[in-house]
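Taken in order, these protein sequences are the chains called S and A. Going by the numbering used here, the first residue of the first sequence is number 370, and it counts up by one from there. Going by the numbering used here, the first residue of the second sequence is number 370, and it counts up by one from there.
2 protein chains.
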Amino acid sequence: MTVTPQELKARMENFKQVCRQNKLPQTPQKLAIFQHLAASCTHPSAQEIYDRVKEKFTNISLATVYKNLKKFTVLGLCIEIPIPGGANRYDAKLEIHGHAVDTANGLVHDLELPKEYNYSAQVMGRQVKQIHLTYYI
Amino acid sequence: MTVTPQELKARMENFKQVCRQNKLPQTPQKLAIFQHLAASCTHPSAQEIYDRVKEKFTNISLATVYKNLKKFTVLGLCIEIPIPGGANRYDAKLEIHGHAVDTANGLVHDLELPKEYNYSAQVMGRQVKQIHLTYYI
DNA sequence: CTCTATGCAAAATATTTGCAAGGGA
DNA sequence: TCCCTTGCAAATATTTTGCATAGAG
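If you want it as C-alpha cells, here you go:
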C-alpha cells in the first residue's frame, strides 16, 4: 500500500496552493515535513516525521515539526489522529475515511467506508469540522 | 441530560459483577471513581473525577484514578475517548454510540447513531474491540 | 525590508511507574 | 495471611511556549 505518484503530486500541489492562499512561507522544513507526510501511508507521529526529516535537515527541531503539523491541521492539509496512550498520528489523506488501529502493534490502517458513513454536514445544529471513525482491533 | 437512576443502578451492578468475575477488590476508591463516572454524562477526564472523588477521599491520589480508569477500560467497564491536544475523557455508557466534541468549549456529547453504523464485528479479518466515532463541531 | 519561521531550551500537560505501607478477600 | 491496592513522588512522554536569530517573500 503506497501513495501513488499522481496522488502525491496532487497533495503537494494542494499544499503549495493552500500555503500561498494563506500567505504561509514555504520553507524547506515545511516542504520536507509535508512531503514526507504526504508520501506516507503509515500515519506517522511527529517524532517519526522528525526522525526522517532530520536525515536531510540535521538541525531541524522537533518543535518545528509540531508547530507545522499544527498549522497544516488547522488549514485542513492533514488530520490529526489521537491515539489513547500514545502520540497523535497524522494523515494527509483528505477524503472521508476511517482508521483501524491495531492494538497489538500500534499500526494504523486506512479504511474505506460504506456510503452510509458519508456524514451529514450538521450535527446538533452545527457544521461538522471533522469526523473520526476509528476501529480498535 | 442525566443518567437515570435505573441506568446508574444497572451500571453499578454490572461493575460489581465484573469486579467479582475478575477478582478485582472493590475498594472504596474504585467504587467512588466508578460511581462518579457512571453517574456522569459529561465524559469527565481523570483530573475531573479526581477532583470530585477527593471531596470524600481527601487522600486519594491522581495516580490511583488513572490506574483504576485504565483497569476499568481494559475490563470493558468504560471507554476512553482520546481528545486531540487534551486529556482523555471517560464514558461509562457501553452501548455503541458516537460523540460530538464541541471544539469551541471542549464539551463532549453523546450521539445516537443510525442503524447503519452498527459496525461489522470484523475489520481486516480481525475482531473489533472498540469503535470510536467522533464528530468535531 | 518586513514578517514569520526556525531552533533551542525550558515549561506545561498528561500519564505511568517504583515502592513502602495498608487493607480487602 | 496473601496479594493487590493505595498514595506519594519521581519519571516519562507528549506537546507547547518564549525568545533570539535566520531566512522566505
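Idealized CB from N, CA, C, for every residue including glycine.
Residue i - DSSP class collapsed to helix/strand/coil
i: Q499(A); result: strand
i: I448(A); result: strand
i: Q491(A); result: strand
i: V477(A); result: strand
i: H468(A); result: strand
From the options, residue whose alpha carbon lies closest to that of residue i
i: L446(A); options: Q499(A), T503(A), I506(A), M370(A); result: Q499(A)
i: K436(S); options: I450(S), Y419(S), D471(S), V497(S); result: Y419(S)
i: T442(A); options: Y505(A), G455(A), L476(A), K399(A); result: K399(A)
i: F403(A); options: V434(A), A469(A), V492(A), I506(A); result: V434(A)
i: C410(S); options: K392(S), K425(S), F426(S), A469(S); result: A469(S)
i: E481(A); options: Y504(A), G494(A), K392(A), Y459(A); result: Y504(A)
i: L377(A); options: Q491(A), H501(A), D460(A); result: D460(A)
i: L393(S); options: N474(S), V497(S), L444(S), Q491(S); result: L444(S)
Beta carbon of residue i nearer than 9 angstroms to that of residue j
i: H405(S); j: R380(S); result: no
i: P451(S); j: P483(A); result: no
i: A401(S); j: V372(S); result: no
Exposure of residue i, with buried meaning 16 or more beta-carbon neighbours within 10 Å
i: A415(A); result: buried
i: G467(S); result: buried
i: A432(A); result: exposed
i: L476(A); result: exposed
i: E424(S); result: exposed
i: R389(S); result: exposed
i: N428(A); result: exposed
Residue i to residue j span [Cα, whole Å]
i: E464(S); j: T472(A); result: 21 angstroms
i: D479(A); j: P397(S); result: 43 angstroms
i: K385(A); j: Q395(A); result: 7 angstroms
i: E382(S); j: K440(S); result: 17 angstroms
i: P374(S); j: G494(S); result: 40 angstroms
i: I448(S); j: R458(A); result: 20 angstroms
i: G455(S); j: H412(S); result: 13 angstroms
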